[in-house]
Amino acid sequence: MKTTEQRINNIIGQLEGIKRMLASTPEDCFALLTQMKAVKSAMCSLTEQILSSEFDRCLSGRMAADKRKKMEVIFKEVIKK
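Count along the sequence shown from 1, add 620, and you get the number used in this note's numbering.
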């Protein structure tokens, strides 16, 4: 599993690539859209990773098991792709 920092660096690299493509007036719209879709997917993965780690950190030991289980179900619905 990639670290949060690795994911952020990958996204930055992808965005820089898109920026270069736009600056050079891209003729290959398919390549541009492919890169944009990759960034969107990477952002979703990053969001899920950050929310998961924060969820665990924030709720560890602070909530009864039954309430925690309900929160996990709600959380999974929120981050569904």
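By construction, the Cβ of each residue, glycine as well, lies at the ideal position given by its N, Cα and C atoms. From a predicted model like this one, the values you see are computed outputs, not experimental measurements.
To which residues of the same chain is residue 624 closer than 8 angstroms at the C-beta, ignoring the five residues directly before and after it? Within the sequence shown, residue 624 is the residue found at index 4, counting from 1. The residues 666, 669, 670, 673, in chain order, have a CB closer than 8 angstroms to that of residue 624 in the same chain once the five nearest residues on each side in sequence are set aside.
Consult DSSP for residue 692 and reduce its assignment to one of helix, strand or coil. Counting from one through the sequence shown, the residue named residue 692 turns up at place 72. Residue state, collapsed to three classes: helix.
Leaving aside the five residues before and after residue 631 along the sequence, list all residues of the same chain whose C-beta is less than 7 angstroms from its C-beta, in chain order. Residue mapping note: residue 631 aligns to position 11 of the sequence shown, counting from 1. Around residue 631: 659, 662, 663, 666.
Contact under 8 angstroms by Cβ, residue 638 with residue 621: Position 18 of the sequence shown, counted from the first residue, corresponds to residue 638. Position 1 of the sequence shown, counted from the first residue, corresponds to residue 621. No, Cβ-Cβ distance for residue 638 and residue 621 is not below 8 angstroms.
In this structure, how does DSSP classify residue 647 when only helix, strand and coil are distinguished? Residue 647 sits at position 27 when you count from the first residue of the sequence shown. Correct three-state label for residue 647: coil.
Look up residue 684 in the DSSP assignment and say whether it is helix, strand or coil. Locating residue 684 in the sequence shown gives position 64, where the first residue counts as 1. Residue 684 falls in the coil class under three-state DSSP.
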